[in-house]
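What follows is a short report on a single structure.
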Ligand code: VAH
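Residue numbers (full-length UniProt numbering): 3 to 320.
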């Protein structure tokens, strides 16, 4: 059985449905700080209210449901964390240590995502290696590097089977992301359909790694099911599907919406975060150690995003 925190977030809202499809609805306990009415995550299987800073309740829920795996997703993303750094430290690190302690005490396998945000300005920017300098200059990045080290510590010191990936920007159409830097690459698709135009807060020529959500979900399952004897690394593997900048996304959209117009109104805060991150990362270790493979490139992702969003948005517009 799997307990997932942050089940109503951008990753959680799709990971829950995927895990329930693969392992059975009753095998996946979704938790989040609040309950959403008439939400597929809440209605398709076990759901519990959990504030991850409450270690006792985390332990009690994991024990009661007799879970053998904890997937810890609840966290504040980069832009929000930069606006509220102390809250981010307390929630991101307090939640993580609570989840790791529950996994240690109950002998659970453990997953939590790191991010390309775990790299900083002194990290090699192009084809960033798996093992390299990590001196991030954002609170989110400090949280992610600390989290990688803490998860490796729990593996080395206590034998907890911790595994993680450094996610690039994730693009999806189910739950709108909240408070990220890469979210321009999600917003652009929504606005392409609703307005035929988008004003990007990330500047022209700003390359970042991205991945379509279906590839992210498959990566989590592939890593967690991988043969542990083959894992040289654990926390956390570089994974990516593409390195793109706003103009690339606009060009892909124009293949479907020829009149799509992209303009810029750069947000200095999120631009500074993006500029401190790699342009492209190297995912060779993930490919070699557990067969990571992304199926969606920019063209394929754009086609699927626009198709799925048209259905979703025009249904809402009625
Ligand atoms: C963010 N979407 O922008 C997240 C992610 C690599 C980006 O960490 O903060």
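Quick reminder that beta carbons are idealized off the backbone N, C-alpha and C, glycines included.
Compare the C-beta of residue 51 against all C-beta atoms of chain B and say whether one is closer than 8 Å. Included in the structure is just one protein chain, with no chain B present.
Residues near residue 126 by beta carbon distance below 7 Å, same chain, minus five either side: Closer than 7 Å at the Cβ level, and outside the excluded window around residue 126, lie 134.
Within 5 Å of ligand 1: residues by beta-carbon to any heavy atom: Near ligand 1, meaning a Cβ closer than 5 Å to any of its heavy atoms, lie the following residues in chain order: 79, 80, 117, 118, 119, 171, 182, 183 and 184.
To the nearest angstrom, report how far apart residue 123 and residue 138 are at their CA atoms. Their backbone Cα atoms lie some 7 Å apart in a straight line.
Does DSSP put residue 94 in a helix, in a strand, or in coil? Here residue 94 sits in helix by DSSP.
Applying the criterion that 16 or more other CB atoms from any shown protein chain within 10 Å of the CB defines a buried residue, is residue 388 buried or exposed? With the chain covering only 3 through 320, there is no way to say anything about residue 388.
At the level of alpha carbons, what is the spacing between residue 196 and residue 271? Between residue 196 and residue 271, the C-alpha separation is close to 26 Å.
Apply the 10 Å Cβ neighbour rule to residue 115 and answer buried if 16 or more other Cβ atoms are within range, or exposed otherwise. Burial is judged here by how many other beta carbons sit within 10 angstroms of a residue's own beta carbon; residue 115 has at least 16 and is buried.
Can you say whether residue 267 is buried or exposed, counting buried as having 16 or more other CB atoms within 10 angstroms of its CB? Per the 10 Å Cβ criterion, exposed.
One question on the structure: do residue 203 and residue 315 come within less than 8 Å of each other, judged by their Cβ atoms? Taking 8 Å as the Cβ cut-off, residue 203 and residue 315 do not qualify as a contacting pair.
Got a sec? Which residues, its chain only, sit under 7 Å from residue 250 by beta carbon, not counting five neighbours each side? For residue 250, where only same-chain residues beyond five positions count, the Cβ hits under 7 Å are 300.
Beta carbon of residue 52, beta carbon of residue 28: below 8 Å? Against a cut-off of 8 Å, the Cβ pair of residue 28 and residue 52 comes out as no contact.
With H, G and I counted as helix, E and B as strand and the rest as coil, what does DSSP make of residue 240? Residue state, collapsed to three classes: strand.
Would you check if the segment 203 to 220 and the segment 4 to 19 touch, i.e. whether three or more CB-CB distances between them fall below 8 Å? Yes, the segment 4 to 19 is in contact with the segment 203 to 220.
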